[in-house]
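Following my numbering, the numbering of the sequence shown begins with 1 at its first residue and continues without gaps.
Worksheet for the structure shown next.
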Amino acid sequence: MRQFNGVIYTRQPGAVLMLAAALLLSGCGRQAAEDKTAVAAAPKAQAASIRAENWPQQAAPIARNAAIEQQISALLAQMSTEQKVGQIIQADIASVTPQQVRDYYLGSVLNGGNSAPGRDNRVGAAAWLELADAFWQASTDTSDGRPYIPAIWGTDAVHGHSNVKGATIFPHNIGLGAMHEPELLRAIGRATAIEMQVTGLDWTFAPTIAVARDDRWGRTYESYSEDPALVASYAPYILQGIQGEPGADDFLRGEHMLATVKHFLGDGGTVGGKDQGDSIDSEAQLRDIHAVPYYSAVKAGARVVMASYNSWHGSKMHGFAPMLTDVLVGRMGFDGFVVGDWNGHGQITGCTPTDCAASLLAGLDMYMAPDSWQTLYTNTLAQVKDGRISMARLDEAVSRILRIKAEMGLFDQVKPSARPLAGRYELLGNAEHRALAREAARKSLVLLKNNQQLLPLKPTGRVLVAGDGADNIGKQSGGWTLSWQGSGNSNSDFPNGESIYSGIKQAVEAGGGSVELSENGHFSAKPDVAIVVFGEEPYAEFIGDRSHLAFDDNRGLQILTALKAQGIPTVSVFLSGRPLWVNPELNQSDAFVAAFLPGSEGGAIADLLFRSPEGEVRRDFHGKLSFSWPDNATGEPLNVGDADYKPLFAYGYGLNYNDNSSLGILHEQAGISAAEMLNTSRYLYAGKAVTPWQLQLLDEGKVTVVTDAMHTSANGALTAQATDRLQQEDSVTLSFIKPGAVALTLADGAVLDLARQANGDMALELEYQIVALGNNSKATLGMQCGDNCASALDISTQLAQMQGKGWHSIKIALRCFSEADSNFAISRVTHPMLLQSSAGLVLQLANVRLAQNEGNATCGN
C-alpha cells in the first residue's frame, strides 16, 4: 500500500546553473549581422527586452557559394509574387493534394504526427514513396513556364524514421542523454537519414535540443538533459549524422539530408513545465541555459531552426524579432531558414492561423500552416501586394529557402523514387541499424538499485516476466511512434522490432532456463526471480504535461508487492519519459532499472540483466542519469547546480556491477495529497483519456477502447476521431451513427469513491461543441456504479440549445446523480462519465473532469 502523510514539500528556487557560454563557444568570430531593414518594425517584447549585444557573436560557419547566390537571384527574377508566397507556406499532406501544391506553388509539405498516406498510420513504406513522387512531380511541373523549384517534405523523425512501419526505432533523447556518449549520435543520425530516403523524404524536424528544466513538461523525453553543456555537446553529432559535415561533398546529399534544430527558444523552461507556455527566465538564463545548444548547433551547420510555441515574458517566439532576427541571425550567425511549428504563428497577439504578417516580419521564413494554408496564402499574398509585407522581406525569406534547397542539390535531383536509396525497403530496420539501436538502448539503461547484487541473473532458472510493458513494443517506444501519441500500436506493427519479453525469453532459453509471461503477475509455477516491466503510457507534447511527478498507475506496485510477499526476488524495469517519484515501487524491488523509452530493440534489456549461458557477465550497465531523480512528487524544478539540490538520485548517478551498495527503505511521503496522486478528477484531456482511465465505445454490449486517432465501435454504431480545436488533435469527435454510448472507466475495473467530492459540491464538467444533432435526438449524461447500478440525466434540451454555437462547458453537480436515483452509489463509481444518445448526435469533446460547482452546475434539462 502507498502511504501518504499529506505534507506538501516545497522547494525554493535554487540558483540557476550558469555556464560560461564563452568557454563553450570558444572560437566564435566577430561578423557584423546582415542588414535587417525589412524587419526593423517587427514587434518587440513588452514585459522584458533582449539586448543583442549581451549575446556572444559567432561567424556564420558556412560561406555562401557564389554559384548558388547567382542561381537564387535568377530564380527570384523569374518568380511571380504568387510563386514567392507559395514558397514560404507549408501544408500538411492530410489537407493538401499534389495538384494544390502545383496550383499554389507551395514550397513544402509535411506529415503531422497522425498524417500518413491514405490517412493510414501503419501503411507500408511503398505508399510513402509513391506520394513523395506525386508531390515532387506536381511541384516541378514547368509546363506553364514557371521556374523549376522542387517542394520538400518534412516529418518528425525524432527517434528514427518513426512514422513508418518497419523502420528502426531508436531510444528517445532522454535515454540517449543517459549514455553520455555523443559519438553514437552520429551513427544514429546517419541511419535515420538513410531510412528516411528509402521512402523518398528529405527533411526531418529533428533534433530537439531543448534543455528541459521542469520534468512535468510533456516533452521532457525529447530533451537529452537538464544540463545545457551536455545538450550542447550532443547537438553537433546528431546534426552532422543527419546532414553530414559542412564543406564535405556529401553535406545534405548522398546518405545525408536536411535536419531541423528545435524549438527556438526556451521551450524547456516554461512556468510549471507547461507545453507552449511562458518562460519568465532572465535574459541571462535564457542565454546561458537554453541558447547554449543553439550556438553549438549553428556552428556545426544547422540549416533550419524551428520557432518555438513558447513565449518569453509574454512575447510569443513566433513573432519575437529580437530572438528570431537580432540574436539567431545577428549574433549566432545562422544563415539558414526559420520554420514555424504547427499553426504556431496563429498564437501571436492579433494573429490567426490564416492571417499573420507579424510572424514573417519578425523573422519567420516558412509558415507551418497544416490545415490553414489556403486562406493564409490568400491573405499573405494580399498583404504583400498592399505593402504590409515588403517585397524585400518576402524575397529574403524565399532566398533563404531556395539557398537550402540548392545546397541539398534538389535542383539537380531526380524524383524521389529514382534516387539511389529509394525503394530499398530492406534498409528499413536492417541488421546494422537494429544493432546500433540495441547498443544505444543498452547504454541508455540506468541501474538505480541492485541490492544483494541480484543482477546479473543466471539464465538457468525459472523466470517470471510480468507487467503490461513486458510484451508491448509500443509502450517501450513511447510517443511519436507510428502515431502522434504512440498509442494504438500492437507488436505486429513492428515487424523489425522485439519486445522486452521476447528478448528475455531468448536469453533465458539459450541458458537452459524457462520463462513464463503473465501481465498480472500470476504464475503456474513459482519462479526463481520475477522481472516486472511497467511505466507510463505513451504520450506526446502537451498531452504529456503533468501537475506532479507521482507515478499514478499502481498496477506495477500491486504486482511487486504480491511477489515480494511470496519471497520472490523482483527486478523492476521502469519505462518512462522522465524521472518520476516511485519510492513505493523502489521499496518493493530488489533491483530497479530506469529504462526510459528504449525503442524497438527490447532485447537490449536482457543483454544487461542476464549472464551468459556459461555464467559470465556479458555486459555491464553504462548509463548515468542526465536528469536528476526526485525525492518527492511535487514536480518543483530540480536541476544540478540548484542551491537547494536534494534529489533522490543525483545527476550522473548510475550503478554498475562493480558497485556493492544497498539502497535502504525509502520514505513514501509523496509531498502531495493522495487525491492529487490517484487522479480522481481528470479523466479526459485534449481529447485523450488520462491514465489510468480509458475512453470506451459501447455498442450492443461490446466494448471498443479508443487508443488511436480513429476508431469505430464493434457493430458500427459509433466512431471516435481525433480532431483539432485549438491545437493539433486536442479533441475527439464522437459520432452516433446508431444508438450507443461512450464511457470513461478504469481499465482494471477499480471503483472511485466520489462521496467527499459530492459533499463538497463538485461537478462533472464536459467541454464540448455540438457539430450535428439528429431529428428528436435524445441524450443522457450519467455515471455508473457497477452492473445494474447507474444514474442518468437528460441533457437533450441543453445540447439542442448549443447546436451551432461553438464551444461550451456543461457542469452536472455530482449530487444530482444521487438525487435522480436513490440506488445510485456515489461511493463506488466505475464509470465517471456515461454519455448515451440516439442516432444523429455528433459531439466534439475536449475535456472531462471534476470541477468546482461555482454556482453554475445543473441537473440536466
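Glycine included, C-beta positions come from ideal geometry on N, C-alpha and C.
The beta strand (DSSP E) enclosing residue i, as first and last residue numbers
i: V515; result: 514 to 518
i: E767; result: 762 to 772
i: A307; result: 304 to 307
i: I810; result: 807 to 813
i: L695; result: 693 to 699
i: I149; result: Here I149 belongs to no beta strand (DSSP E), and DSSP marks it neither H nor E.
i: S740; result: In the sequence under discussion, the amino acid at residue 740 is Gly, which differs from the Ser named in the question. Taken as a continuous stretch (DSSP letters only), the beta strand (DSSP E) holding G740 covers 740 to 746.
i: L265; result: Per DSSP, L265 belongs to no beta strand (DSSP E) and is neither H nor E.
i: G782; result: 779 to 784
Separation of residue j from residue i, as counted between CA atoms
i: G268; j: E541; result: 12 Å
i: R219; j: V158; result: 12 Å
i: I209; j: I289; result: 11 Å
i: V211; j: H622; result: 22 Å
i: N632; j: I348; result: 37 Å
i: Q798; j: G840; result: 16 Å
i: G200; j: E130; result: 8 Å
i: I50; j: R119; result: 43 Å
i: N660; j: P527; result: 25 Å
i: L864; j: F170; result: Nothing about residue 864 can be reported from this structure: the residues present for the chain run from 1 to 861 only.
i: A358; j: T352; result: 11 Å
i: K165; j: Q757; result: 45 Å
i: A20; j: Q285; result: Because the pLDDT at A20 is just 33, under 50, the model does not fix this residue reliably, and the value given afterwards should be weighed accordingly. So the alpha carbons of these two residues sit roughly 11 Å apart.
i: A846; j: E767; result: 6 Å
i: K646; j: L597; result: 25 Å
i: S589; j: V465; result: 14 Å
i: E636; j: S279; result: 15 Å
i: R555; j: D468; result: 9 Å
i: A813; j: S576; result: 36 Å
i: Q31; j: P293; result: Confidence at Q31 is low in this model, with a pLDDT of 28, below 50, so the placement of that residue is unreliable and no value is reported for it.
i: N451; j: L560; result: 15 Å
i: E245; j: A714; result: 53 Å
i: P370; j: S282; result: 33 Å
Continuous alpha helix (DSSP H) stretch holding residue i: start and end
i: R849; result: No alpha helix (DSSP H) contains R849, which is instead part of the beta strand (DSSP E) from 842 to 852.
i: L230; result: 228 to 243
i: E585; result: 583 to 587
i: M366; result: No alpha helix (DSSP H) holds M366; DSSP gives it neither H nor E.
i: F592; result: It is not in any alpha helix (DSSP H) - F592 instead sits in the beta strand (DSSP E) that spans 591 to 596.
i: K475; result: 473 to 477
i: Q798; result: 796 to 802
Assumed close pair residue i, residue j - CB separation to whole angstroms, cut-off 8 Å
i: L457; j: F610; result: 5 Å
i: D708; j: G488; result: 3 Å
i: A193; j: H256; result: 5 Å
i: T81; j: L381; result: 7 Å
i: S796; j: G599; result: Actually they are not in contact, since the Cβ atoms of S796 and G599 sit about 48 Å apart, beyond 8 Å.
i: Q852; j: M762; result: 7 Å
i: G512; j: R462; result: The Cβ separation is near 11 Å, so there is no contact.
i: W203; j: K415; result: The pair is not a contact, with the Cβ atoms about 16 Å apart (cut-off 8 Å).
Top-ranked residue by Cα proximity to residue i, from the options
i: A206; options: D92, A714, G254, G154; result: G154
i: Q383; options: K84, N759, G603; result: K84
i: Q566; options: A63, V529, A60, G113; result: V529
i: E616; options: D642, P459, F592, D730; result: P459
i: Y295; options: H313, G314, K262; result: K262
i: G319; options: A820, V329, G346; result: G346
i: I238; options: Q99, P692, P182; result: P182
i: V329; options: T354, C356, F264; result: F264
i: L835; options: T712, L695, Q721; result: L695
i: G86; options: G641, A63, W128, I149; result: I149
i: H515; options: K475, A435, S490, A606; result: Strictly speaking, residue 515 in this sequence is Val, with His absent from that position. Minimum Cα distance to V515 is reached at A606.
i: A595; options: G344, A440, Y657, H667; result: A440
i: I770; options: Q801, A300, L754, N310; result: Q801
i: D275; options: G806, A741, Y221; result: Y221
i: R725; options: G687, A741, L744; result: G687
The ligand ATP heavy atom lying under 7 Å from the CB of residue i
i: E432; result: The ligand ATP is absent from the structure shown, which contains no ligands of any kind.
Min CB distance residue i to chain D below 8 Å
i: T561; result: Structure shown: chain D not included; a single protein chain is present.
Complete runs of the alpha helix (DSSP H) confined to the stretch 268 to 353 [at least 4 residues]: Taking only runs of at least 4 residues, the alpha helix (DSSP H) segments lying wholly in the stretch 268 to 353 are 292 to 299.
What are the start and end residues of each continuous alpha helix (DSSP H) run of 4 or more residues lying completely inside the stretch 511 to 572, in chain order? Runs of the alpha helix (DSSP H) inside the stretch 511 to 572: 555 to 565.
For the stretch 121 to 196, which segments carrying the alpha helix (DSSP H) assignment without a break, of at least 4 residues, lie completely within its bounds, in sequence order? Contiguous alpha helix (DSSP H) elements confined to the stretch 121 to 196 occur at 125 to 139, 173 to 179, taking only those with 4 or more residues.
At what residue ranges does the stretch 41 to 98 contain a whole run of the alpha helix (DSSP H), taking only runs of 4 or more? Complete alpha helix (DSSP H) runs here, min 4: 66 to 78, 81 to 87.
Ranges of the alpha helix (DSSP H) found wholly within the stretch 419 to 477, counting only runs of at least 4: If only complete runs of 4 or more residues are kept, the stretch 419 to 477 shows the alpha helix (DSSP H) at 431 to 444, 473 to 477, in order along the chain.
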